[in-house]
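In the numbering used here, the protein residues as written are 43 to 376. We treat Cβ as the ideally placed atom computed from N, Cα and C, and that holds for glycine. In what follows, a structure is listed as structure tokens, so that the remarks can point back to it.
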Amino acid sequence: MNRLYAISGVTGMTGNELVRQILVDGSQDHILGFDNFFASTIDTVSDHIDDKRFEFFEYDITDAGQMTDFEDRVRALSGDYDELVYINCAAVVHTEHFYHVYETFDTNVLGMKAFMEQAIRVGAHKYINCSTSEVYSMNSWNEDGGVKESDYLTMAVAEHSQRTSYATGKLLTEFFIKDAVDEGRIKGCSIRFANVYSKDERYPKHIIPFIINSFRDNGKVVLLENSRKNKRTFLNNFDSCSAVLALVSTDSALDGTVYNVATEEEISIIDLAKLCAVKMGIQDPVIEFEGYRESDPERRLLSTEKIRSRTGWKPAVDLAQGLDECISNYLRDH
Ligand SMILES: NC(=O)c1ccc[n+]([C@@H]2O[C@H](COP(=O)([O-])OP(=O)(O)OC[C@H]3O[C@@H](n4cnc5c(N)ncnc54)[C@H](O)[C@@H]3O)[C@@H](O)[C@H]2O)c1
43 MNRLYAISGV TGMTGNELVR QILVDGSQDH ILGFDNFFAS TIDTVSDHID
93 DKRFEFFEYD ITDAGQMTDF EDRVRALSGD YDELVYINCA AVVHTEHFYH
143 VYETFDTNVL GMKAFMEQAI RVGAHKYINC STSEVYSMNS WNEDGGVKES
193 DYLTMAVAEH SQRTSYATGK LLTEFFIKDA VDEGRIKGCS IRFANVYSKD
243 ERYPKHIIPF IINSFRDNGK VVLLENSRKN KRTFLNNFDS CSAVLALVST
293 DSALDGTVYN VATEEEISII DLAKLCAVKM GIQDPVIEFE GYRESDPERR
343 LLSTEKIRSR TGWKPAVDLA QGLDECISNY LRDH
């Protein structure tokens, strides 16, 4: 079987690794991908930029004209492939934007909906919707093996903080794809990732590049007060991508529902900073605390039993290995 993939946000962390994992040697698959470089650069796909099986477009998912051009290109090629798969990775992701409802809405909600309608119009077989574990909001963990996809949600609301606007938008997209699958218009699902990181991150907005870059540039790291208590798990982009592809290849899993994708390797943010320091050869690292983030759950621990049992997926990169790759890349590129 050969597949034509249409991927939004293709130079982002999950998108760029999709290019590598799909276009392995001998693969007959083809990728049409676009990104507006809001949070990435073309460098992340430099190893495949001259590959005839990969066509890149500098397009914005909210630009109707550009999306029509993209749709035309999909139509021109789709007849040559057994299966047409849409994967929506484009999103305004970083925490600083979560607090600004208008910054995330157009791309994350309207963009996802328009891209899904395009997929249905061109007769795509599958649509994978990247959602977020942020939807678990204030109940992001339990002592019973982690939160499940079917658990009821307890969300911080506008009475508490604007933070949840990002999660609320993503949650709405889960209903769009569920409806489309239930109506028999396409197969698909949503994925709730937790804390994806990558050795190719260029902007120190997520916690791992932030810590490493702070130690590198300032010899110390300044964390939020929340970090005195907070713990997280971290998902390498190799594993976020392999989860997407596991779902693409498992038709029975594409029932419109939601899949948690995360690791079970929980670490406190303070221990994460100390671990990075050790790996960077810093003795007695200086860790300071400043500022406070509202509506930030102390832990985020997800049960991944559903995707593991339905597709056989499991994470392959542990945190120690992932951090080694990040540190070596961030220091080399500096
Ligand atoms: N990174 C995480 O921790 C995390 C956690 C949960 C869910 N997710 C979700 O996973 C998906 C993939 O995210 P990622 O981890 O690869 O993050 P990322 O920020 O690396 O990738 C998102 C990509 O979308 C692009 N983009 C943003 N706005 C766009 C627009 N209007 N048009 C076209 N491209 C646009 C960005 O430039 C970026 O390359 C997203 O839907 C995100 O919400 C990510």
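Asked                                                                                                                                                                   : Found
Tell me whether the beta-carbon of V287 lies closer than 9 Å to the beta-carbon of L60.                                                                                 : The sequence shown places Leu at residue 287, not Val. A contact, by the Cβ cut-off of 9 Å.
Check whether the Cβ of T275 lies closer than 8 Å to any heavy atom of ligand 1, and answer yes or no.                                                                  : no
Here's the rule I'm using: 16 or more other beta-carbon atoms within 10 Å means buried, otherwise exposed. How should L373 be labelled?                                 : exposed
Just the C-alpha distance for S284 and W355, rounded to the nearest angstrom, thanks.                                                                                   : 8 Å
Using the Cα positions of D114 and S294, report the straight-line distance between them to the nearest angstrom.                                                        : 30 Å
For G153, which residues in the same chain have their Cβ closer than 7 Å to its Cβ, ignoring the five residues on either side in sequence?                              : I103, T104, A132
Which of the three DSSP states is assigned to K229 in this structure?                                                                                                   : strand
Between F280, I73, D221, H248, which has its C-alpha nearest F99's C-alpha?                                                                                             : I73
Measure the alpha-carbon distance for A222 versus V151 and round it to whole angstroms.                                                                                 : 15 Å
Between the alpha carbons of F257 and H248, how many angstroms are there, rounded?                                                                                      : 14 Å
Please specify which runs of the beta strand (DSSP E), each continuous and at least 3 residues long, are wholly inside the segment 281–317, giving them in chain order. : 297–303
Can you give me the C-alpha to C-alpha distance between Q160 and D148, rounded to a whole angstrom?                                                                     : 16 Å
Can you say whether R270 is buried or exposed, counting buried as having 16 or more other CB atoms within 10 angstroms of its CB?                                       : exposed
Helix, strand or coil: which one does DSSP assign to R341?                                                                                                              : coil
Determine contact between the segment 167–175 and the segment 209–221, defined as no fewer than three beta-carbon pairs at a distance below 8 Å.                        : yes
Can you tell me where the beta strand (DSSP E) with L126 in it begins and where it stops?                                                                               : 125–130
Report all residues from its chain with a CB closer than 6 Å to the CB of N181; omit the five preceding and five following residues, and keep chain order.              : T196
Nearest CA to the CA of V300: which residue from N78, L265, V177?                                                                                                       : V177
With a threshold of 6 Å on Cβ separation, who are the neighbours of Y128 within its own chain once the five nearest residues in sequence on each side are excluded?     : A48, A161, A166, Y169
Just mark G75 as buried or exposed, buried being the case when its beta carbon has 16 or more other beta carbons within 10 Å.                                           : buried
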